[in-house]
Amino acid sequence: MTRILVLGYGNTLRGDDALGPRAVERLRPLVFPAETLACHQLIPELAAQLAEYDAAIFVDAAAAGEPGTVHVRRLLPETQTASLTHHVSPATLLAMAHELYGRAPQSLLVTAVGADFTLQSSDEGPLSAAATRALDEICRLLPQLVRDFPVGW
Amino acid sequence: MSTITIDPITRIEGHSKVTIQLDEQGEVIGARFHVTQVRGFEKLCQGRPFTEMPALMARICGICPTSHLLASSKACDDIMAVRIPETAEKLRRIMNLAQIVQSHALSFFYLSAPDFLLGMDADPEERNIMGVVRKFPKMAQDGIKLRQFGQRILETLGGKRVHPGWIVPGGVSHPLQADQRDAILAATPEAIRITREALQWFKGQIENFRAEVRSFANFPSMFLAMANDANEFSAYNGWLRFIDANLNIVADHITGTDYMNYIGESCNDDSYLKSTYYKPLGLKDGVYRVGPLARLNMCKSAGTPLANEELAEFRELERHSVLSSFYYHYARLIEILFSIERMQQLLNDPEILSQNVRAHASPNNYEGVGILEAPRGTLIHHYRIDRNGLIESANLVIATGHNNEAINHGVFQVARQFVKSKKLEQGALNRVEAVIRAFDPCLSCSTHAAGMMPLDIQLIAADGEMVDRVRR
Numbered sequence: 026m027t028r029i030l031v032l033g034y035g036n037t038l039r040g041d042d043a044l045g046p047r048a049v050e051r052l053r054p055l056v057f058p059a060e061t062l063a064c065h066q067l068i069p070e071l072a073a074q075l076a077e078y079d080a081a082i083f084v085d086a087a088a089a090g091e092p093g094t095v096h097v098r099r100l101l102p103e104t105q106t107a108s109l110t111h112h113v114s115p116a117t118l119l120a121m122a123h124e125l126y127g128r129a130p131q132s133l134l135v136t137a138v139g140a141d142f143t144l145q146s147s148d149e150g151p152l153s154a155a156a157t158r159a160l161d162e163i164c165r166l167l168p169q170l171v172r173d174f175p176v177g178w
Numbered sequence: 202m203s204t205i206t207i208d209p210i211t212r213i214e215g216h217s218k219v220t221i222q223l224d225e226q227g228e229v230i231g232a233r234f235h236v237t238q239v240r241g242f243e244k245l246c247q248g249r250p251f252t253e254m255p256a257l258m259a260r261i262c263g264i265c266p267t268s269h270l271l272a273s274s275k276a277c278d279d280i281m282a283v284r285i286p287e288t289a290e291k292l293r294r295i296m297n298l299a300q301i302v303q304s305h306a307l308s309f310f311y312l313s314a315p316d317f318l319l320g321m322d323a324d325p326e327e328r329n330i331m332g333v334v335r336k337f338p339k340m341a342q343d344g345i346k347l348r349q350f351g352q353r354i355l356e357t358l359g360g361k362r363v364h365p366g367w368i369v370p371g372g373v374s375h376p377l378q379a380d381q382r383d384a385i386l387a388a389t390p391e392a393i394r395i396t397r398e399a400l401q402w403f404k405g406q407i408e409n410f411r412a413e414v415r416s417f418a419n420f421p422s423m424f425l426a427m428a429n430d431a432n433e434f435s436a437y438n439g440w441l442r443f444i445d446a447n448l449n450i451v452a453d454h455i456t457g458t459d460y461m462n463y464i465g466e467s468c469n470d471d472s473y474l475k476s477t478y479y480k481p482l483g484l485k486d487g488v489y490r491v492g493p494l495a496r497l498n499m500c501k502s503a504g505t506p507l508a509n510e511e512l513a514e515f516r517e518l519e520r521h522s523v524l525s526s527f528y529y530h531y532a533r534l535i536e537i538l539f540s541i542e543r544m545q546q547l548l549n550d551p552e553i554l555s556q557n558v559r560a561h562a563s564p565n566n567y568e569g570v571g572i573l574e575a576p577r578g579t580l581i582h583h584y585r586i587d588r589n590g591l592i593e594s595a596n597l598v599i600a601t602g603h604n605n606e607a608i609n610h611g612v613f614q615v616a617r618q619f620v621k622s623k624k625l626e627q628g629a630l631n632r633v634e635a636v637i638r639a640f641d642p643c644l645s646c647s648t649h650a651a652g653m654m655p656l657d658i659q660l661i662a663a664d665g666e667m668v669d670r671v672r673r
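Taken in sequence, the protein lines are chains G and X. Counting from 26, one number per residue, gives the positions in the first sequence under the numbering used here. Counting from 202, one number per residue, gives the positions in the second sequence under the numbering used here.
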């Protein structure tokens with residue numbers, strides 16, 4: 026059986042940056058049997074986990090662009106930055122999975138442009154109207170991508 | 202006079218900048234490490250119920266939330282005037298040790314290994330974790346496994362890897378289960394294997410880094426760490442002790458009630474990072490270091506067999522204290538080994554599954570202090586509450602603040618040795634970054650800043666003009 030991971034990441038205290046983890050929460054029942062993971066940021070040890078999957082969808086918030094818009098693009102293994110810290114880009118994570126474990130999942134990156142990234146006092150603060158629209162769009166789009174895999178990837 | 206600025210600095214946690222000052226002849230006459238962001242946790246927690254502090258303070262940092270959770274809970278224990286159940290204390294110690302393992306593994310394998318494995322002069326395009334992955338895949342895999350080991354313990358106990366819960370005022374929220382204990386214990390042999398191999402490898406590399414050993418904040422200073430009657434390594438219980446470079450005790454039995462008599466905090470005009478100092482000697486002469494190097498200099502015994510063997514060998518580096526901050530890396534590996542062995546001991550204690558893990562009480566003191574050895578060094582949380590249990594003031598003394606003046610020493614030493622012109626050469630830049638990384642500074646914690654991890658180095662000439670600048 027094809028193993029698919031939907032991975033949403035972002036800081037849940039930074040307004041619309043919570044879009045990735047929020048999407049994963051809502052998608053969990055909608056994308057079953059795909060697995061889901063919500064995390065604060067992408068860290069190198071996720072490479073080992075990713076190598077166990079056939080496909081992965083990364084869901085992230087973006088700051089640049091028209092707020093509320095959603096973009097989907099194919100992601101290939103690639104080292105994207107030299108000044109790495111403990112967090113890495115999704116493409117670099119795929120490159121690590123490929124180099125270290127011999128396989129990287131076929132992957133998509135879904136980004137949604139947020140409007141407000143200010144600090145909030147709660148994990149469960151409201152998203153902006155634009156981010157809420159984007160979240161609805163992601164929840165409409167992703168179950169279909171998971172269901173139709175590999176069509177549209 | 203000229204100044205070089207390195208802004209921002211890479212592979213550390215937070216925003217920062219380095220300025221290097223030159224005289225008319227182009228010789229380095231000064232260097233400073235600046236932290237350029239602030240978030241202000243001490244202010245924003247005012248008015249909150251003290252019981253919220255552990256969860257709130259854990260948000261200071263994504264790397265060491267557990268350390269803040271523990272120090273904050275200890276401060277709350279103090280406010281409640283409770284003695285937590287013995288099993289709860291053991292469980293908290295396991296949590297702290299797991300935090301030390303995962304944080305040190307991050308520092309050594311992810312952040313600093315590119316310097317050791319690929320060389321200080323290597324192109325930064327290659328000298329990063331992907332460079333390590335390509336050229337030394339086994340080392341990269343081992344680093345991932347070791348960090349996963351620590352992270353999984355935090356997740357098992359705290360419910361999640363980042364910002365775990367479970368540690369609460371009065372103890373822990375629920376007891377450990379037998380299957381959780383067995384799963385952690387089963388993973389320890391592999392973690393010990395990885396750590397011992399990394400230690401063997403690192404010891405074999407030291408000879409290649411003689412210049413760095415000489416110049417990486419290698420100077421006589423005091424050291425501050427937790428101490429106990431047995432003079433064993435201690436990360437959770439005990440009092441604070443200052444020792445000098447000759448291992449003489451300078452001040453001892455410092456507790457939460459009198460730490461402010463010994464530790465002064467100074468604000469800096471050019472940085473959000475405070476400098477702490479040994480108060481009786483003042484800011485200029487009261488420089489001390491905290492963290493793995495301080496802890497290993499402080500203890501006479503690690504308290505576990507394999508770590509004891511390594512500690513004995515470590516001690517042979519110097520007659521008295523080990524002074525070069527390059528050896529922070531070495532000390533980190535020994536501390537990982539100790540932490541795994543100690544966790545084995547604690548988990549094999551039959552009482553570890555006891556159901557009695559939490560004490561309950563209302564506030565019984567208007568003030569509470571929690572002290573802990575976090576991975577990067579001594580961490581102090583100090584709260585004052587009003588009659589309703591709301592926070593009136595909070596003071597957080599963080600490891601990177603303790604080390605701030607020592608980091609400045611290190612940046613100056615390295616700049617003097619490696620900056621040879623009004624142009625910033627790659628090798629010099631790399632080493633300025635690397636000396637800061639040796640301390641594994643956590644700027645999120647120390648200034649409670651949010652953001653990315655950039656580096657900005659500025660070279661300032663004698664007339665104040667910026668003659669070179671590198672941003673990474």
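Every residue gets a Cβ at the ideal spot worked out from N, C-alpha and C, and that includes glycine. The structure presented is a predicted model; accordingly, all values stated were derived computationally and were not measured.
Within chain X, the residues that residue i reaches when beta carbons sit closer than 8 Å
i, result
"G/L38", "R260"
"G/A154", "Those do not exist, as G/A154 stays about 24 Å from chain X at its closest Cβ, beyond 8 Å."
Cross-chain neighbours of residue i in chain X, by beta carbon under 7 Å
i, result
"G/T104", "M331"
"G/A43", "What G/A43 touches in chain X: nothing, since even the nearest Cβ is about 14 Å away."
"G/A87", "Those within 7 Å of G/A87 in chain X number zero; the least Cβ separation is about 15 Å."
"G/T94", "Chain X residues near G/T94: none, gap ~24 Å exceeds 7 Å."
Exposure label - residue i; buried when at least 16 CB within 10 Å
i, result
"X/R520", "exposed"
"X/M544", "buried"
"X/R212", "Any reading at X/R212 needs caution, since the residue's pLDDT is 49, under 50, leaving its predicted position unreliable; the model's value is listed next. When all chains shown are included, X/R212 counts as buried."
"X/G457", "buried"
"G/L101", "exposed"
"G/G40", "buried"
"X/T648", "With a pLDDT of 48 at X/T648, under the threshold of 50, the predicted position of this residue should be treated as unreliable, though the coordinate-derived value follows. Classification for X/T648: buried."
"X/R193", "Past the boundaries of the shown model lies residue 193 of chain X; chain X is included only from 202 to 673, so the question cannot be answered."
"X/N549", "exposed"
"X/Y460", "buried"
"G/S147", "exposed"
"X/C468", "exposed"
"G/V176", "exposed"
"X/N566", "exposed"
"X/E634", "buried"
"X/S476", "buried"
"X/A495", "buried"
"G/F57", "exposed"
"G/M121", "buried"
"X/D641", "buried"
"G/R172", "exposed"
Assumed close pair residue i, residue j - CB separation to whole angstroms, cut-off 8 Å
i, j, result
"X/C643", "X/C262", "6 Å"
"X/G571", "X/A388", "Incorrect: roughly 29 Å between the Cβ atoms, too far for contact."
"X/I285", "X/G372", "4 Å"
"X/I280", "X/P564", "5 Å"
"X/Y479", "X/M423", "6 Å"
8 Å Cβ cut-off: residues of chain G touching residue i
i, result
"X/I677", "Any property of residue 677 of chain X remains undetermined from this structure, which presents chain X solely from 202 to 673."
"X/V219", "Per Cβ cutoff of 8 Å: no residues; X/V219 is ~15 Å from chain G at best."
"X/Y529", "Those do not exist, as X/Y529 stays about 17 Å from chain G at its closest Cβ, beyond 8 Å."
"X/V369", "By Cβ distance, chain G contributes nothing, its closest Cβ being about 18 Å from X/V369, past 8 Å."
Per-residue contacts from residue i into chain G (C-beta, under 7 Å)
i, result
"X/A341", "L125"
"X/R348", "E70"
Under 9 Å from the C-beta of residue i: neighbouring residues of chain X
i, result
"G/M121", "I330, M331, V334, A341 and I345"
"G/T117", "I330 and M331"
Under 8 Å, with one C-beta from each stretch per pair, do the region 519-539 of chain X and the region 482-489 of chain X reach the 3-pair mark?
Touching, no, given that fewer than three Cβ pairs across the two stretches are closer than 8 Å.
Is it a yes or a no for the region 583-595 of chain X touching the region 248-261 of chain X, going by three-plus beta-carbon pairs under 8 Å?
Remark: three or more beta-carbon pairs, one from each stretch, lie closer than 8 Å, so the region 583-595 of chain X and the region 248-261 of chain X are flagged as touching.
In chain order, which continuous runs of the beta strand (DSSP E) of length 3 or greater are located wholly inside the region 263-305 of chain X?
Correct list: empty.
Please determine if the region 298-308 of chain X and the region 573-583 of chain X are in contact, where contact requires at least 3 C-beta pairs separated by less than 8 Å.
Pairwise C-beta distances place the region 298-308 of chain X in contact with the region 573-583 of chain X, as three or more of them are shorter than 8 Å.
With contact counted as at least three CB pairs below 8 Å, one residue from each stretch, are the region 55-72 of chain G and the region 88-96 of chain G in contact?
In short, these stretches do not touch, since the Cβ pair count stays below three.
Segment contact flag, the region 602-610 of chain X with the region 404-413 of chain X, C-beta cutoff 8 Å, min 3 pairs
Verdict: no, contact absent.
Count the C-beta pairs between the region 493-512 of chain X and the region 531-546 of chain X that are closer than 8 Å, then say yes if the count reaches three, no if not.
The answer is yes - the region 531-546 of chain X touches the region 493-512 of chain X, with three or more Cβ pairs under 8 Å.
Report yes or no: do three or more beta-carbon pairs, one from the region 132-141 of chain G and one from the region 352-368 of chain X, lie closer than 8 Å?
The region 132-141 of chain G and the region 352-368 of chain X do not touch, with fewer than 3 CB-CB distances between them shorter than 8 Å.
In chain order, which continuous runs of the beta strand (DSSP E) of length 3 or greater are located wholly inside the region 37-81 of chain G?
Counting whole runs of 3 or more residues, the region 37-81 of chain G contains the beta strand (DSSP E) stretches 60-64.
Where in the region 436-495 of chain X do unbroken runs of the beta strand (DSSP E), each at least 3 residues long, occur, reported from the N-terminal end onward?
Restricted to the region 436-495 of chain X, the beta strand (DSSP E) segments that are unbroken, complete and at least 3 residues in length are 440-444, 450-455, 464-469 and 472-479, listed in chain order.
How about the region 333-352 of chain X and the region 313-323 of chain X: do they share at least three Cβ pairs that are nearer than 8 Å?
In this structure the region 333-352 of chain X touches the region 313-323 of chain X; the number of beta carbon pairs closer than 8 Å is three or more.
Threshold first: 4 residues or longer. Then list the alpha helix (DSSP H) segments lying entirely within the region 107-145 of chain G, N to C.
Complete alpha helix (DSSP H) runs here, min 4: 115-126.
For the region 547-618 of chain X, list the alpha helix (DSSP H) runs that are entirely contained and at least 4 residues long, ordered along the chain.
With a minimum length of 4 residues, the continuous alpha helix (DSSP H) runs that stay inside the region 547-618 of chain X are 600-603.
I'd like to know if the region 343-351 of chain X and the region 657-666 of chain X are in contact, where contact means that at least 3 CB-CB pairs between them fall below 8 Å.
No, they do not touch.
Is the number of C-beta pairs between the region 551-568 of chain X and the region 433-442 of chain X that are closer than 8 Å three or more?
Flag = no, the region 551-568 of chain X and the region 433-442 of chain X do not touch.
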